[in-house]
Amino acid sequence: MLGAFVRAFRTPELRNKLLFTLFILTIFRLGAVIPAPGIDSVAIEKCVQQTAETGASNIYALINLFSGGALLQLAVFALGIMPYITASIILNLLTVVVPRLEALKKEGQAGQSKITQYTRYLTIALAVLQSTSVIAMARTGQLFQNACIPEEYMPFLHTSYELPVLIMIVFVMTAGTCVIMWFGELITERGVGNGMSLLIFTQIIAEFPAGMMRIWSENPAWVFALVCVAGVVLITGVVFIEQAQRRIPVQYAKRMVGRRMYGGSSTYIPLKVNQAGVIPVIFASSLLYLPTLVVGLLGAETDNKVVDFLNTYFNPMGNHPVYLTTFFLLIVGFAFFYVAITFNPAEVADNMKKYGGFIPSIRPGRPTAEYLDYVLTRLTTPGALYLGVIALLPMVALGTSGAAANFPFGGVSILIMVGVGLDTVKQIESHLQQRNYEGFLR
Amino acid sequence: MAEGVRRLLGKPGSVSLQPYIKLLKTIEEREEALRKLSDAELTEVATELGNAELPYDRDDLAELCALGREAARRTLGERPFDTQLIGMMALLDGHVAEMATGEGKTLTGALAAVGFALRGQRVHVLSVNDYLARRDAEWMRPLYTLLGVEVGWISQESTTEERRAAYAADITYASVSELGFDVLRDRLATDVSELVVPEPNVAIIDEADSVLVDEARVPLVLAGAAEPAESDAAMAELVRRLRPGIDYKVDDDGRNVHLTDTGINVVEKALGGVDLFSAEDTTLLSRVNLALHAHALLHRDVHYVVRDGKVRLINESRGRIALLQRWPDGLQAAVEAKEHLTPSETGEVLDSITVQSLVLRYPIRCGMTGTAMAVAEQLREFYELEVAVIAPNKPNIRIDEEDRLYATAEEKEEAVVEKVKEVHATGRPILIGTQDVAESERLAKRLRRAGLECVVLNAKNDAEEAAVIAEAGTYGRITVSTQMAGRGTDIRLGGSDMRDRDRVVKTGGLYVIGYGRYPSSRLDDQLRGRAGRQGDPGGSVFYVSVEDDLITTNLPEAKGYRVSSADGEITDPAWKEMVNHAQRIAEGQLLELHRNTWRYNQIIDVQRSVVLEQRRAVLHEDLGSRQLAVDCPETYQRLVEEVGEEEVARAARLVTLYHLDRGWADHNAFLADLREGIHLRFLGRRDPLDEFNRDAVPAFKGFLDEARARAAEMFEKLEVVDGRLDVAAAGVKRPSTTWTYMVQDQPFSTDLENIVGRVKNLMGRD
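Order-wise, the sequence lines are chains L and V. Here the first sequence is numbered in my numbering, starting from 1 and rising by one per residue. Here the second sequence is numbered in my numbering, starting from 1 and rising by one per residue.
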């Protein structure tokens, strides 16, 4: 792989693409540490530290993770890529419901670019909404669990120009989101990899050094070493399983190609062990986020039985076995569900039959569908268990040591990281193979 | 103003014409001076213009334009309009000129060709068919002769000598496919003297959008005879007994056939209880499938005819017998078995070329067409061409009526017949454009039944049809034609000699009726453009029905319209918009197909260029004998002493080329195989294109070394017979005949991307 990178940099066109991507990512990181106007950066830094030290459970942790720590810094790019992702998810769902959008989607590129345009508008709307709520929470101190005084990091509060400055911050953050959106598109267009995924990737990675530092300073050295080793082992394992696939050979018997024989078959259906990807984990996390929301809505009084119940069994920070088991079961369930709705063996078998393809020693039609179903089930079982374990492992292993909150190798982040990383490397390789394969030749 | 903003933004189709327009006055001044010169002096002026390199400076450009104008006036009796000169200058700058029908694109292209040729460039003018290549070359010949440049043309029937002579001329007219096949055949040459096509310089592409976009979707394929095929009469007999619908099923589009479960059992039993789907032997199933394909999908006198004991293909889109075309991969033999004929030898694909790579070989490219703007972005993306929009010499006054939408096909037909009756009563000439040959015949029959005499054209014979379509503007004439028929021929009002023009003008000029919208708005516009030539009056209207293929294939779920009147017409604007929507879907799919052809061919092109470079070195620089002298020094020495250096070099060249070509054909077959099933990779969340590249690269690794090793191996075995090295005995075979097919005629092409699209749909992702 290292060799591929060296070759990549020797190809002028690809080198430019890579450098361009890095350049955009750098600016992106820069914007994530520049505070919005009116914010006292020294004070807010201290505030973040304080909040982390109190160990108060932060319900914005996930959002903060996706913004690369920019959110709690009230940076220019505080909102990160989230509004855009939310907007694309919403529009994707709407295409199923709204006939006009569905019609557009069918028109191919031209229609797709119109949908993209709508996504952009929606992103701006969401960004305005989200930045307003973030600013409102920052103003009351809620953003930091009331661990510090808002007037310290927002020195303009209670002055005559409070309102204009607040409006300006909303404005700046919204503009920041638009710029990020543009960055993502620029990378997709002129760089390598999928821009949006790479931006998320960068944001997750950006939190790494800080997390590691915290572990280093707060724990004995052997814990740090253990975490490092565990991290490497985990990532290796994830890469291994993400790459794992079962190849079901397929033959197309429609032509007589004569005397030629090739070693091995190049036609096969690759079935991944983890066919569902990271989606079940995200689904499960968001579903389990609901109890926290309910608690927030009902207020934290302990005499309410529902709140009490939820707090005991479904507190994300509590690591109660019930919570962990539910999480695990949800992930496994979603993994099966997702594979079931996205891969229909009967239709695949039908399609193959129609074009003269078959799996050797299996008859076309129903037997083929049954065979595919059988293999898929046997693959998805370990795949789903693997997803659950990866997502839970950090919580279980480090739950008692108190390092879980700071452990940077969270299940979700590792899965996303590895996924995006692999995709990007594959793309670079594909570029190489398409353009400059002389490097491979001799 | 708006134009300026577009240009600033780099929108396609915004090439500035200002510099050309400014030159027009100077050109007219120069023209006056040139009028006084004799023909010989004019030729002299032209020759002098050639004493410099491209590009033309403004002074020379003005001179060239004036010269072209004067020469055209003298030789063709046509003084080019300002718009034609502007078009010519745009071509010289390497743009695609959009000029409406009847604006004189042929002359514009010819003038540009002169411009390039005078400055020492070899110009190839590419047209859509042989007839146009020949007609245009002959038509423009006097102009070229006067200006001192030679012209030649090529058609399907041209011999190798004729081709070589035509290519030797300064300007060569050829159809894209002929040029492509010449290029492909050159890649099989084993001796420098066999080469036909010279180095590419300048390509001027007539009907640029048809050639560069529509035809670019299908590669040109060259196949060669490999070995005699075995007759599979038993299998043909077996499938003949199968019952359609019960034992096998044919797809709705008639492109695929497959055995049902019952059919599988019947076949297995008839073959003596074998397992068709065993892992060990798949040839049996292939044989069954081929026989079934020949039996169920290919019909005598529709897809082929039997003549002189041979199966001859009928080109579906043109409806005539295609010379030098055969079915690939065993299908030919299967059809021969079906017809109880002796099998001819099997063929294999030797090489292929896309229109894209064919055109991109030329360092200078330009073209002209009536409808370029709609594909301006594609021209830029795939060919790095910009579009220059040239306003018509006289404004267009054609009246384009709104589409008429009907619920069923019968109601549409009824309405069209009524409309034709009504318009025909006034004597106004009518041109009806249909989707395909079968439809035009059907409609013509229907019109005749209604007492309306009509002429039918269906692209069976380009030359005859050009003559027929030229008369389509005659008073009271009804012409039914496919979109393709009679391309490149103008329809003049009042007949080709315009004798009756005034009377026809009074009726309102040519009335074009589109019998259904085409899969792209460009094709619609081309049909409309038949009327309203050079400021003529004219009208156009499209009749559409909800049962048209365009709508049923692209919007299968479209239902629930409300019929507005008793004759089945739908006037609901939302439904009329549906038609446009269906067309946009079709356009999107075609673009996707084009882009995929291009993307999948990129890696193949790179690999091919490696092989071709090696081939060139062997052919021209004796690389073969140099390599073999190193690889097998002893044999080489011995042979040189025995038969002399020259003979050894010849044998070395043949042996080396044989293994290069052999290896390339094998690699090609591997890639075809790979691509056939690559869409399945999508099921594992992999990008099929990436996967294709990932597999194609390692397969090519060591290609040259292996070919070299094999050549050395064969070289060791060479024997001397009568003082010559007998390469044939050692195993060097050349294909005894070659033939061609376009992949659209290839029955196995299943529109890969359609499958991928379908797979994607069922996976619910984009």
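Just so you know, even glycine gets a beta-carbon here, dropped at the ideal spot from N, CA and C.
At a cut-off of 7 angstroms between beta-carbon atoms, glycine 677 of chain V makes contact with chain L. The beta-carbon separation of serine 440 of chain V and valine 420 of chain V, rounded to 14 angstroms, does not stay under the 8 angstroms limit for a contact. Residue-level contact by beta carbon fails for isoleucine 416 of chain L and chain V, as no gap is shorter than 7 angstroms. Around the C-beta of isoleucine 246 of chain V, fewer than 16 other C-beta atoms lie within 10 Å, and the residue is accordingly described as exposed. Assignment of alpha helix (DSSP H) within the stretch 70 to 133 of chain L, counting only whole runs of 4 or more residues, yields 82 to 97, 99 to 106 in chain order. DSSP lists V:Thr172, V:Ala203 as the bridge partner or partners of histidine 124 of chain V. Only exposed fits isoleucine 167 of chain L, as fewer than 16 other CB atoms lie within 10 angstroms of its CB.
Residues of the same chain with a CB within less than 8 angstroms of the CB of threonine 474 of chain V, apart from the 5 flanking positions on each side, are Pro429, Gly494, Gly495, Asp500, Val504 in chain order.
Judged by beta-carbon spacing, tyrosine 252 of chain L lies within the 7 angstroms limit of glycine 357 of chain L, meaning their Cβ atoms are closer than that value. Asparagine 596 of chain V has a beta carbon lying at 7 angstroms or more from every beta carbon in chain L. The contact set of isoleucine 399 of chain V on chain L, defined by CB atoms closer than 9 angstroms, is empty, because the minimum CB distance reaches about 28 angstroms. Methionine 498 of chain V counts as exposed, since fewer than 16 other beta carbons sit within 10 angstroms of its beta carbon. Counting along the chain, arginine 247 of chain L sits inside the beta strand (DSSP E) bounded by residues 245 to 249. Contact between leucine 623 of chain V and histidine 581 of chain V fails: their C-beta atoms lie close to 57 angstroms from each other, not under 8 angstroms. At a cut-off of 7 angstroms between C-beta atoms, glycine 588 of chain V counts as an interface residue with respect to chain L.
In the structure shown, tyrosine 153 of chain L falls within a helical segment according to DSSP collapsed to helix, strand and coil. Counting of Cβ neighbours within 10 angstroms places proline 80 of chain V among the buried residues, the total reaching 16 or more.
Glutamate 569 of chain V and valine 417 of chain V have their alpha carbons spaced roughly 14 angstroms apart.
Threonine 312 of chain L counts as exposed, since fewer than 16 other C-beta atoms from the protein chains shown sit within 10 angstroms of its C-beta. Valine 456 of chain V: member of the beta strand (DSSP E) spanning 455 to 457, first to last residue. Exclusion of the five residues before and after alanine 276 of chain L leaves Ala335, Tyr338, Val339 as the residues of its chain whose Cβ lies within less than 6 angstroms of its Cβ.
Going by beta carbons, valine 151 of chain V and alanine 137 of chain V fall inside the 7 angstroms limit. Nearest neighbour of proline 343 of chain V by Cα position, chosen from V:Ala629, V:Leu360, V:Gly370, V:Lys310, turns out to be V:Lys310.
Per DSSP, the unbroken alpha helix (DSSP H) holding phenylalanine 703 of chain V starts and ends at 703 to 716. Around the beta carbon of glycine 273 of chain V, fewer than 16 other beta carbons sit within 10 angstroms, so the residue counts as exposed. Residues of the stretch 229 to 252 of chain L with a C-beta atom less than 8 angstroms from some C-beta of chain V are Gln245, Val250, Gln251, Tyr252, listed in chain order.
Within chain L, Ala253 have C-beta atoms less than 7 angstroms from the C-beta of leucine 285 of chain V, given in sequence order.
Interface flag for glycine 388 of chain L against chain V is unset, since no Cβ pair is found closer than 7 angstroms.
Leucine 683 of chain V has a beta carbon lying within less than 7 angstroms of a beta carbon in chain L. In the three-state scheme derived from DSSP, where H, G and I count as helix and E and B as strand, lysine 25 of chain V is classed as helix. Counting along the chain, lysine 419 of chain V sits inside the alpha helix (DSSP H) bounded by residues 409 to 424. In the same chain as glutamate 207 of chain V, and ignoring 5 residues on each side of it, the C-beta atoms closer than 6 angstroms to its own belong to Val128, Thr369, in chain order. Residue-level contact check: glutamine 117 of chain L does not touch chain V, since none of the beta carbons of chain V fall below 7 angstroms from its beta carbon. Contact with chain L is absent for asparagine 396 of chain V, since none of that chain's Cβ atoms lies less than 7 angstroms from the residue's Cβ. In the same chain as alanine 617 of chain V, and ignoring 5 residues on each side of it, the C-beta atoms closer than 7 angstroms to its own belong to Leu623, in chain order.
Only Leu591, Glu592, Gln602, Ile603, Val606 from the stretch 590 to 619 of chain V bring a Cβ to less than 7 angstroms from some Cβ of chain L.
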